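Everything below concerns the one structure shown next.
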Amino acid sequence: MILLAFVLQTIRIAIPYLLAAAGGVISERVGVIALGLEGMMLAGAFGAVLGSYYGGSAWVGLACAMLAGVIVALIMALCTLRYRADQVVVGIAVNLLVIGATRFFLRLSFDSASNSPRVDGFGGEGSGLGVMASFSNPIVWIGLLALPVLGWLLFRTPFGLRVRAVGEKPEAAATLGVPVRSLQLRGLLLCGILASLGGAYLALDQHQFTDSMTAGRGFIALAAIIFGRWMPLRVAAACLLFAAAETLQIQLQGAQLVPSQFVELIPYVLTIVALAGVVGKSVPPAALGKAQ
Amino acid sequence: PSGATIAPEGEGLDIGIVFDVGGRGDKSFNDGAYLGGLLAADSLSARVRYIEPGEGSDREAGLRLLAAEGMDLVLAVGFIFTDDVLTLAKDYPDVKFAGVDYALSFDDAGNPLPLPDNLVALKFREEEGSFLVGAMAALVGESKKVGFIGGMDIGLIHKFEAGYRAGVMHVCPDCEVLVQYAGVTPEAFKNPGKGKELALSQYNQGVNVIYHASGSTGLGVFEAARTTGKLAIGVDADQYAEAPGHVLTSMVKGIDAAVFDAARAVQDGTFQGGVRVFGLAERGVGYVYDDNNRALIPDSVRTRLQALEEDIIAGRIRVPSTR
Amino acid sequence: MSAPREHGILMRAAQALLAPVLAVAIAMVVGDLLILTYGESPGTVYALLLEGTWGNAYGFGQVLYKTMTLICTGLAFAYAARAGLFNVGAEGQLAAGGFAAALIGLALPVATPAVAAVLLCTAGAMGAGAVTGAVPGVLRARFGASEVIVTIMLNFIVLALLNYAVASHLAVPETLHTEVMQAGFVSRLGAFLPAFAGSAANLTIVIAVIAAVVAWWAMFRTRSGFELRAVGLQPDAAEYGGVNVPRTWLRAMIWSGAFAGLGGINFVLGYKHYYEEGFAAGSGFLGIAVALVGRNHPLGIIAAALLFATLSQGGLAVNALVPKQLVDILQAVVILAVATTVPEVQRLLQRAASAAVRRGSTEQTT
Amino acid sequence: MSGAASSSAPLSAAAEANAPLAVRMRQVCKHFGAVQANRDVNLEVAAGEIHALVGENGAGKSTLMHILSGLHTPSSGTIEVFGRDATGWDTNAAIAAGVGMVHQHFMLVPTLTVAENLVLGREPVRGIQLDQMRAESDVRSLAERTGLRVDPSRTIAELSVGEAQRVEILKVLYRGARVLVLDEPTAVLSPPEVDELWTVLRGLRAQGDTIIIITHKLDEVVAISDTITVMRDGRSVARLATASTSPQEIAKAMVGRDVALALDARVGSASPATSATAGSANAALSIRGLSVLGDRGNLVIDALSFDVQPGEIFGIAGVEGNGQSELLDVIAGLRRAKSGTVHLGNADVTAFDVRSRADAGLSHIPEDRHRRGLVLDYSIADNLLLGQQHHFSNAMGLDYGRIAEHAATQVRTFDIRPPNPSLAARTLSGGNQQKIVIAREMGRPFTVLLAAQPTRGVDVGAIEFIHAQLRAARADGKGVLLVSADLSEVLALADRIAVMYEGRLACLLPASACTAELLGPYMTGAA
Ligand SMILES: Nc1ncnc2c1ncn2[C@@H]1O[C@H](COP(=O)(O)OP(=O)(O)OP(=O)(O)O)[C@@H](O)[C@H]1O
Ligand SMILES: Nc1ncnc2c1ncn2[C@@H]1O[C@H](COP(=O)(O)OP(=O)(O)OP(=O)(O)O)[C@@H](O)[C@H]1O
Ligand SMILES: [Mg+2]
Ligand SMILES: [Mg+2]
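Chains as they are written, first to last, in the working numbering: chain A, 1250 to 1541; chain B, 17 to 339; chain C, -5 to 360; chain D, 29 to 555.
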């Protein structure tokens, strides 16, 4: 019973990571640094609430979340792919932009600097904590399946082969008639959609948008990508590992074995360790960040 | 300063309010101050201006902007304004200032340093209100475990925790209080996702009532209460609307009343600088007991709470403010 | 031979100014649209913004105050960028710098001579920033770890640890700041220029400007600056020119961190005289914008820091009409626009330049 | 223009034979910004022939073939493939029409397997999945059929250069190419591998495929081609039938003057044949037992020893990729040796870093000026400083007064144009960029000069200037180590010539004893 609760909570915490990380993997696999994940998630969360509020249903919210993610991805694509702006700068700026924009429109739409009203979402009143309740949320399913499906897509389909080629050596792919730019655009859009679903999960599970509610989860997802070495299943494992650490911290906090802030830092520390190559070096796709 | 030339006209009082991070619409203490402003506007026909500063130097600048415009009363909402409001009160002796949750400084002998005549510190004994809701949680919860969820792990929030724990222990010495904090950065006040998971984990461990003091993070606690069908206790303002049927009560701070009082005092010319503490005795803190939650609270519990309240007011019970 | 030289100067001026000006123009348009969604008139809002910032000494003082930190974080980003590195960690380095300055100020005896105290605190701030910057520097130089990711992750780590230290051990009860320092105070401008009275502007702005001049000198007038820029432009050529590339990276990150750390004395020595959780408040990230708009040139950075400080202070001034989040959006738009227009403008100018040279040389030969 | 005359001279062999044309490019122009890479190029290739495209570096060969394979669109001109207009098509259209290109630089994805690289963009599927099994079996059978043997399941990163080259050709064949374009395919191959390649290409020709091969090596042209198009300075200047021409004639068309002149121009060597035997104690540069590992961890230089005497130009000839680059890097201090020593005069500099070697009297004209030799965004003055910055410092940092003076002098002395030291190096032409490097390296005290491909990609005028500089250095008593892929250059300048082959000196002879015919076999490992 305790174990089940542990597993379920780990999964719930991991869903946003899994979705954003899936988006990040595809983005980085086509050569675009996924520094905008946090912004995409936050935009997704805000879009979900706007959609659900004005559309009256969580499903409309879901659609609007994806739209928001796509808009952010398009902004990034315009800057990095079309105008070849530096990807790191654009990623950071997009995060700042989304934080500002969600606050601005929160004000405009709901006359509050911090919270939206309650909206329709998934789960809620008395749905309980059981297995059924947890899995009645469609985003949970998408989240659990995203990385395995992405793994299949990357390593078992022609699309994936092209994606991998583009991320490693775009000029080689181009000589074979692979449409590099269009593939990068599609990768980025897919990233926007997946990451925004991660944000939508938070907002719709919460039935509410709160200023900066993603709270750095996009960067945890980025950490998982690096720690998982851009391999979907490893990345999924990293997301679950980070989530499990958090669950452990939540469940043990009363015991105060470790000061909680140190548990929170696990993903960041592990990422740095992975980059330093202390336990097997984490090597990104060769063309990552290079303007094409 | 910039607005100095646009001096406000008319007879009514001019009130400026500078909000803490979170700003208007936080469904918590900023909104409480806002409500007080509205009240003043209504019944004193005051003109009220609001500013939401960013961090750092903007806080002082926001206060200064209002003071320089010749406001009659400038309110700073939140402990974080402590230094700024003190500086401003010295710089603008003709303007009255009020600092909500103002953090007092003490001299070496442990006595609070005196405040300027034009500055009033509005302080609340959150621990007293927390004590009562703690007692209520233990009495109503039908469990030996009760929960507390704080936002950022800091002394200010420990005050809520300490009072709450004392309340629980007072009526149920063998009860256990599960205490969790959402983090160590200010983001811990803005992370409802984390709040929900913390609450779910407590409910899962047999807790039936959770009291939160965690800003927007607490919205996740209410969500968890809805999900599990259990109870939560709101903070600062009446948070019944966050989860109707699942909000046992809220520990309310009478910020609105305090703000309104300050405004009226300025209007009447009875404004006095110094510290004003709002505890149970002053009806500055308390808990919500109304039509919404009457059904959740048995009469016996209500009676017991009233007795405890009297004990506290009479000094028979001393509520700790630190853990 | 004057023709090509004039051409070169014009070209350089165009290269330096065209992109930032274009970017600011784009941001203005976006700003107009947002103001209109709020039903306000852009003209009124911008006028109010200017009035509240450059329109009076106090507002300008506030701008100067914010400029100080932004110059430092801008220099931090630029210095690393000149070596081809992205220091996204100024936020953490700045906080570490402020923290160290406050601790030193607390530890010093009250009687410490003012100059010595300020120097010690400043050195401490730069040292703490440098150490924080050295971590990604070492990882990059030694293991080739991406400094972008390491600095991002390190921001979280550093800020959390500082928070923990302050909240759990050092804070004055009921607050998020340490005790007021014993020594190491820097006067505010208002102390001798009464017009600035009340504003947070203080003499550390002078230190920031000196830092910018020193950075300029270090970048463009010293051997190590020459090597630093060579490494940034073409590491292989630098290596060929006898430069130890990894060591240059490490040195660049250390100095970059030191510049960011220096920014901490603005708040701590010049303003509040204690370390407060969250005082950095995004200035680290804004430093990237400042450096980009300032084209990684210290003089440009001073100008860009003034621009962003004006925007940030202006947000408060227009708060009555539009939410100050408008300014957050504008700042992000400026970054995006500069990042986009700089390479585009550069390409255009380069094409024009090589065409001109081509034309010039054929004329010469024929 | 002499080129125009010679281009009209040879008759179109294909037209004569009345064979159908596989490729016909007419009046093709292509410019990149200010660079005119192709000017009115004409190219005719008959079906079923092997056509060699030759020309010096930068003549525009690769650009022309990129246009043919759809990677670039021409600025003007027309292209026909098998009689169909193909002007301005894209890569996919070119592939569909049977035109496939093997690029000068490998176009393989190192992390993917051989099979994956081959099928990329044209993947066999089962349902919606990639059919990995079929991909591998297709590749295996194609490899069998063509004799280009590779294991389809290995990743590219694990392959040798020769194997990777085979994959490149397979990749094109896999796409059903009937017109194969090979851009300098032999540059990285060992002689047996080259022979293998010829066998494969002849086999393909026998099957009716058309092949266009770009190469710098005239012996290869003679060995494999049926017809030849020569390019110079972006133009097509000659079309020759291989059977009825000679290497001299081809070379003449390539460089636009008599190559024999260059050979005759060799001035009486200052260093006598007596110094032809290595080991003299007062050598300017001496290398002993040098072994070096390459980027792939393989031994690229194997126990090499030789001396360069003062007042001597020591020429190293050889096909590129036989360890020359690594040798130069090690001497310059840019790469660590596995074992062995490097002496400058009497000083053992093996453990010195780049700067200390420079101070000990080593000058170095690197082979890749765009990557190593220049900081392209630095001004001419700053580039003249590169590597010398520590000699121009004073208490206040760099001494810009002296730097400006120095730059002005060097710009004048070495005739760098335009003579404005504040211009960015990027804006200069290739020849003038090279002059900056030479000015820097030769305009300061040195005893040994490493000159790697010193005239690569520069025009005739600049070549003569550079050659004169090298001779002047010799006359001045410097030791010059000249490494060039251009055999005629080595023959024209050097006093002693070594041929480098697979990390060793295949031969070391006094220049007076050398001819291209004699050295050729050593370069290909045949001797
Ligand atoms: N993408 C490009 N942009 C600008 N200039 C280019 C580009 N590609 C080629 N050039 C220039 O066009 C000219 C012809 O180049 P090309 O690569 O076709 O020569 P090449 O004959 O293949 O030389 P090599 O024998 O060295 O391969 C050169 O001056 C080169 O610098
Ligand atoms: N690959 C390239 N990319 C961009 N610019 C290039 C490239 N190759 C050459 N250029 C530029 O084109 C111009 C002409 O270069 P190129 O080497 O063709 O000159 P050139 O006519 O051969 O000069 P010289 O006679 O001195 O050798 C120069 O400004 C050079 O910087
Ligand atoms: Mg070529
Ligand atoms: Mg040339």
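Glycine residues also receive a C-beta, built at the ideal position from the N, C-alpha and C atoms. All values derive from a computational prediction rather than experimental measurement.
Under the three-state DSSP convention, the category residue i falls into
i	result
A:S1431	helix
D:E72	strand
D:H244	coil
A:G1305	coil
B:V101	helix
B:K212	helix
C:A274	coil
A:T1351	helix
D:L20	In this structure chain D extends from 29 to 555, so residue 20 of chain D is not present and cannot be described.
Per-residue contacts from residue i into chain B (C-beta, under 7 angstroms)
i	result
A:S1363	G38, G39, G41, D42 and S232
Residue of the options minimising C-alpha distance to residue i
i	options	result
A:V1368	B:R318, B:A257 and B:I173	B:A257
D:I525	D:R532, D:L536 and D:G531	D:L536
D:T91	D:Q462, D:P275 and D:M53	D:M53
A:V1412	A:L1432, A:G1340, A:L1497 and A:A1307	A:L1432
D:I359	D:G343, D:F380, D:A74 and D:A125	D:F380
A:A1422	D:P152, D:S169, D:M135 and D:S165	D:M135
D:S353	D:V370, D:R385 and D:I329	D:I329
Whole-number beta carbon distance between residue j and residue i, since they are thought to touch under 8 angstroms
i	j	result
D:M282	D:E84	6 angstroms
B:I328	B:F164	Actually they do not touch by this definition, with Cβ atoms about 19 angstroms apart.
D:G343	D:L176	Contact flag wrong, Cβ pair sits at about 35 angstroms.
C:G257	C:S277	7 angstroms
For residue j and residue i, the rounded distance between their alpha carbons
i	j	result
D:Y550	D:A534	6 angstroms
B:I22	B:A241	Residue confidence is low: B:I22 scores 43 on pLDDT, short of 50, so the model does not pin down where it sits. Its coordinate-derived value is still stated next. Roughly 50 angstroms between the two C-alpha positions.
D:A544	D:L519	8 angstroms
B:E4	C:M62	Nothing in the structure corresponds to residue 4 of chain B, since chain B is present only between 17 and 339.
D:P338	D:L546	26 angstroms
B:Y66	A:E1287	31 angstroms
A:L1316	C:T38	33 angstroms
D:R233	C:L244	57 angstroms
D:G307	D:H392	Note that D:G307 scores 46 on pLDDT, short of 50, meaning its location in the model is unreliable; the coordinates nonetheless yield the value given after this. Taking the straight line from one Cα to the other gives about 23 angstroms.
C:L148	A:V1512	15 angstroms
Contacts that residue i makes with chain B (C-beta to C-beta distance below 9 angstroms)
i	result
C:N313	Y66, I67, E68, P69, G78 and L81
Interface residues of chain B facing residue i [CB-CB closer than 8 angstroms]
i	result
C:Q56	S73 and A77
Chain-ordered chain A contacts of residue i [CB-CB under 8 angstroms]
i	result
B:K269	Within 8 angstroms Cβ-Cβ: nothing; B:K269 doesn't reach chain A, min ~18 angstroms.
Contacts that residue i makes with chain A (C-beta to C-beta distance below 9 angstroms)
i	result
D:M161	Those within 9 angstroms of D:M161 in chain A number zero; the least Cβ separation is about 12 angstroms.
7 angstroms Cβ cut-off: residues of chain A touching residue i
i	result
C:E338	Y1332
D:L158	R1405, T1406, P1407 and L1410
Proximal chain C residues relative to residue i, where beta-carbon distance stays under 9 angstroms
i	result
A:G1448	Going along chain C, no residue has its Cβ under 9 angstroms from A:G1448, so there is no contact; the nearest lies around 18 angstroms.
A:L1524	L133, F137, G138, A139, S140, I143, V144 and M147
Cross-chain neighbours of residue i in chain C, by beta carbon under 8 angstroms
i	result
B:P336	The premise fails here: B:P336 is roughly 14 angstroms from chain C at the closest Cβ pair, so nothing lies under 8 angstroms.
Any non-hydrogen atom of ligand 6 closer than 7 angstroms to residue i Cβ
i	result
C:T63	Judged by which ligands are present, ligand 6 is missing from the structure shown, whose ligands are ligand 1, ligand 2, ligand 3 and ligand 4.
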